[in-house]
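This report refers to the structure that appears directly beneath it.
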Amino acid sequence: METCPECKGEKRFWALMHYEHKCEWGWMSCYVCGGKGIVTQQKVKLRRYGESIRIDRIKRGLSMREEATRLKLTPYEYSCRETGKVPK
Ligand SMILES: [Zn+2]
411 METCPECKGE KRFWALMHYE HKCEWGWMSC YVCGGKGIVT QQKVKLRRYG
461 ESIRIDRIKR GLSMREEATR LKLTPYEYSC RETGKVPK
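Take any residue in the sequence shown, note its place counting from 1, add 410, and you have its number in the numbering used here.
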């Protein structure tokens, strides 16, 4: 296991939370490690890969949807690749 690259092992973020009627600053559980502070090496790899394809896509000026269409993926599948998640 490795320290979570997103929260740096803090397990949570100080983030602006969006509620139905207001926005408020508060602690949000890290969505990358699921609040554990550590992630598997596999996840770190997926995330690095996701970042690299995102940067590449932005350089080419394509939206997520356009890139998904180009790769014959659904926008959901493509967004999972960029965020290092495995599609369910
Ligand atoms: Zn984390």
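Each residue gets a CB set at the ideal place from its N, CA and C atoms; glycine is no exception.
Hey, could you find the ends of the beta strand (DSSP E) residue i is sitting in?
{"i": "G436", "result": "C433 to S439"}
{"i": "R422", "result": "R422 to H428"}
Can you tell me which of the options puts its alpha carbon nearest to the alpha carbon of residue i?
{"i": "A478", "options": "W424, S462 and E487", "result": "E487"}
{"i": "I465", "options": "Y441, R491 and V454", "result": "R491"}
{"i": "G419", "options": "M427, R458, E430 and C440", "result": "C440"}
{"i": "V442", "options": "M474, S489 and K421", "result": "K421"}
Would you kindly report the start and end of the unbroken alpha helix (DSSP H) that includes residue i?
{"i": "M474", "result": "M474 to R480"}
Got a sec? Which residues, its chain only, sit under 8 Å from residue i by beta carbon, not counting five neighbours each side?
{"i": "Q451", "result": "M411 and E412"}
Between which residues of its own chain and residue i is the CB-CB distance below 6 Å, once the five residues before and five after are set aside?
{"i": "R467", "result": "E477"}
Legend entry - Segment contact flag, the region 437–450 with the region 466–486, C-beta cutoff 8 Å, min 3 pairs: no
Inset, instruction - For ligand 1, list every residue whose C-beta falls under 5 Å from any of its heavy atoms, going in chain order. - result: C414, E416, C417, C440, V442 and C443
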